[in-house]
Structure formats: structure tokens, C-alpha cells
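Engineer:
Protein chains in written order, with the working numbering: chain A, 1 to 121; chain B, 1001 to 1174.
1) Let me know the secondary structure DSSP gives residue 1069 of chain B once reduced to three states.
2) Pull the bridge partners of residue 70 of chain A from the DSSP assignment, please.
3) In the structure shown, what three-state DSSP assignment does residue 1174 of chain B receive?
4) Check the Cβ of residue 1027 of chain B against every Cβ in chain A and list those closer than 8 Å, keeping chain order.
5) If you pair each beta-carbon of the region 83-99 of chain A with each one of the region 20-39 of chain A, do three or more pairs fall below 8 Å?
6) Would the beta-carbon of residue 50 of chain A be found less than 6 Å away from any heavy atom of the ligand HEM?
7) Can you find a C-beta in chain A that's less than 7 Å from the C-beta of residue 1030 of chain B?
8) For residue 77 of chain A and residue 1055 of chain B, what's the separation of their Cα atoms in angstroms?
9) Can you pull the chain B residues whose beta carbon is under 7 Å from the beta carbon of residue 103 of chain A, in chain order?
10) Which residues share a DSSP beta bridge with residue 37 of chain A?
11) Tell me the DSSP secondary structure of residue 43 of chain A in three-state form.
12) Take residue 1007 of chain B and list the residues in its own chain whose beta-carbon comes closer than 7 Å to its own, dropping the five residues that flank it on each side.
13) Quick check: residue 75 of chain A and residue 110 of chain A, are their CB atoms within less than 7 Å of each other?
14) Mind listing the chain B neighbours of residue 37 of chain A? Cutoff is C-beta to C-beta under 9 Å, in chain order.
15) Taking the DSSP output, what are the residues bridged to residue 111 of chain A?
16) Within 7 Å of any Cβ in chain B, is that where the Cβ of residue 97 of chain A sits?
17) Output, in chain order, the set of chain B residues within a Cβ distance shorter than 7 Å of residue 71 of chain A.
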């Protein structure tokens, strides 16, 4: 009985570690020229020494480094969200890295929230 | 619900939630949140382990207190214990002859005789080695140092030749 439990534990542990490694592994995404990705995000600040636009610019300056390609500066939209674009379009792994950076506690007193991500051909 | 149950449930829930969210944040590439969640998991683990160890120590303490406060053993128990002790086989004594001091006169001469014999063998070996060894190492070293010996006639000569300056000290040897 103990041997069976041990074997099951080893199997579950192995599958779990392998799955987690697969999910968190960084891989290059295929690059398609002429495409772009537009990301809209808003920022929430608490006692931040600056405006929301400055917070968005600071956050984007940090997180733009997680993807490759040309990026634009955050532009404020009518709904309070900030829009940036990356060309060529980012893939699944790049999207995961970028959203993780924007929504993580990357900057003190600034919290990002991604509203939408859209890729165009 | 007693406090211990609440504490256990709270600890288990914290452990499960923080452990699960560590992996969720890792999957989402939110490293700062994953680190914070892992720190909470470790803190909860330490708290749960401390609680468990404290409970175990309390149980042991209560058991010792109960044993000290227990009444003395009844007469039947004492009689039974005495019977077991009297019927037990005698303890084995290895090297039994050493336990009797009157037989030490055997042991000491044997030890002294062995010491004398070993000293004699060592003396013979030492003499044999001194008689047969030769200074091979020193001879080898002397032959290797032959190349460093100074020239017999010295480095400088009385006669000067035009090429002496180019030959250097070795060239002027002749």
C-alpha cells in the first residue's frame, strides 16, 4: 500500500513539475511581418507621485522590454485606458509575459490592468 | 468548535490557497505575486509546524505528569517483578578471567613478553635496514648537479680576443 502511494505521489509530482515547467517556459514566438498587436490597459495608483499618464508611461517602459519588436508610447483614450501597440504582433508566450508584467506588482504604488489585447494581420 | 480546530483549519486553508496561487502566478508570469505567495506559504508552514510540535509537547508533558501522579504499584505487581528478576539468567561476562583480580598474574606477563618480543623484532629490522641501505638518493642528486658545476679555469681569461664580447663568459672559456 505504501509503495503504491509512493508511486502515485512520484507520478503526480513528476507530471506536475513537467506541466509547470511547460507552462512557465519561455519560448520565442513566430514572427509575422506586417502584423501588430494593440494593448489597452488602465492604471490604478495610490499616493503615486505623478499623473496616471506618467504612471502608465513608467509601467510601459518597464514592461515593453518583455516583448520584441517596435512599440509605441501609451496614448490616453477617452475611457481612461491607455493604448500601446507592438509590431510585429506578439505571440502566445509574448502575450503571457507582457500581461504578467503589466498586471503584476511591477511598480510600487502602480497597479496595471489590461483591458483588451487585439492582434491585426 | 474549539480554538485548536479553528487554528488547524485556518492553517490548512492558508497553506492550500498560498501554495495554489504560487503556481497560478507562476503560470501568469507574475513573479512578484508568486514570490509573495510563496513567502506566505512558508510562513503558514512554519506556523502549522509550530502548532503541531507545541501540541505534541503538551501531550508528552501531560503524560509525564500523569505518570508522576499515579499511585504506587500494587503488591502483586511487585511480587511478579521480583520473580522475573530472580528467574532471569545470569548476565554474560566477556573476558571473565579479567574480572577476577587473582588471575591478573597471567595477563601482565603475557603483555610484557609480547612487548619484549615486538621490541626485539623492531631492533632487528632497524639494524637490517641500516646495514643494507645505501645513499642512492644523494648519489643521484650529485650526478644531476654536475651540469651546474663552475668551469675549472674560471669565467675570465687573461688573453682577450675580438669575439669575446659576443661569446660571453662561456665563449671566453678557451
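Ideal placement from N, C-alpha and C gives every residue a C-beta, glycine not left out.
Structural biologist: Per the coordinate set shown:
1) Residue state, collapsed to three classes: helix.
2) In the DSSP output, where bridge partners are listed per residue, residue 70 of chain A has A:87.
3) Because residue 1174 of chain B sits at a pLDDT of 49, beneath the cut-off of 50, its placement in the model cannot be relied upon, and the following sentence gives the value as read from the coordinates. Here residue 1174 of chain B carries a coil assignment [DSSP, helix/strand/coil].
4) Result: 20, 23 and 24.
5) Touching, yes, given that three or more Cβ pairs across the two stretches are closer than 8 Å.
6) You won't find the ligand HEM in this model; it holds no ligand whatsoever.
7) Residue 1030 of chain B counts as touching chain A.
8) Approximately 59 Å between the Cα atoms of the pair.
9) Against chain B, the beta carbon of residue 103 of chain A has neighbours under 7 Å at 1030, listed in chain order.
10) DSSP output for residue 37 of chain A lists A:86 and A:119 as bridge partner(s).
11) Of the three classes helix, strand and coil, the one that applies to residue 43 of chain A here is strand, per DSSP.
12) Once the five neighbours on either side are set aside, the close Cβ partners of residue 1007 of chain B are 1051.
13) One thing to note: residue 75 of chain A has its Cβ no nearer than 7 Å to the Cβ of residue 110 of chain A.
14) For residue 37 of chain A, no chain B residue has a Cβ inside 9 Å of its Cβ, as the nearest lies near 16 Å away.
15) Its beta-bridge partners are A:44.
16) So, interface residue.
17) In chain order: nothing, as chain B lies at least about 18 Å away.
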